[in-house]
Amino acid sequence: MSIVWTLGKCSVRDVLNKLNTEKKLAYTTVATLLQRLYGKGLVNRNDDNLTLLYSPKISKETYGKKMAKLLTNSFFKSYGDTAIASFAESIDKLPKQKREYFLKLLNKKNEIK
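Residues 32 to 144 (the working numbering) are what the sequence shown spells out, left to right.
If you want it as structure tokens, here you go:
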């Protein structure tokens, strides 16, 4: 997804070229990954002549929020009060700016309710 977000609109070959600078992957492997992303509704697919072009259907920010929500819900559901205590303790370990930003968001949510 990172490559699709970066390129905006890309073919399997475009993604393969970006990936093959780090790892050697087969064209079919990359095509399968993009097909799965399409199947999950994360990318759009358009047929430009004979080339399939993929583009992000969801922004990186929106995806990040969804994943964070899924992770935290699963974490709290599985570990209950232990998870909440651990999460609260970890806030103190955040860099000052991040901690202040987090607390500001938390206070804003509390004001809405």
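We put the CB at the ideal spot given by N, CA and C, even for glycine.
query = Can you tell me the Cα-Cα spacing of Lys54 and Val43, whole angstroms?
reply = 15 angstroms
query = Rounded to a whole number of angstroms, what is the C-alpha to C-alpha distance between Asn138 and Gln128?
reply = 15 angstroms
message = With a threshold of 7 angstroms on Cβ separation, who are the neighbours of Lys49 within its own chain once the five nearest residues in sequence on each side are excluded?
response = Taken in chain order, the residues that qualify are Ile34.
Thr37 - containing alpha helix (DSSP H), residue span = Element bounds for Thr37: 33-38.
message = Quick check on Tyr85: buried or exposed, where buried means 16 or more other Cβ atoms within 10 Å of its Cβ?
response = buried
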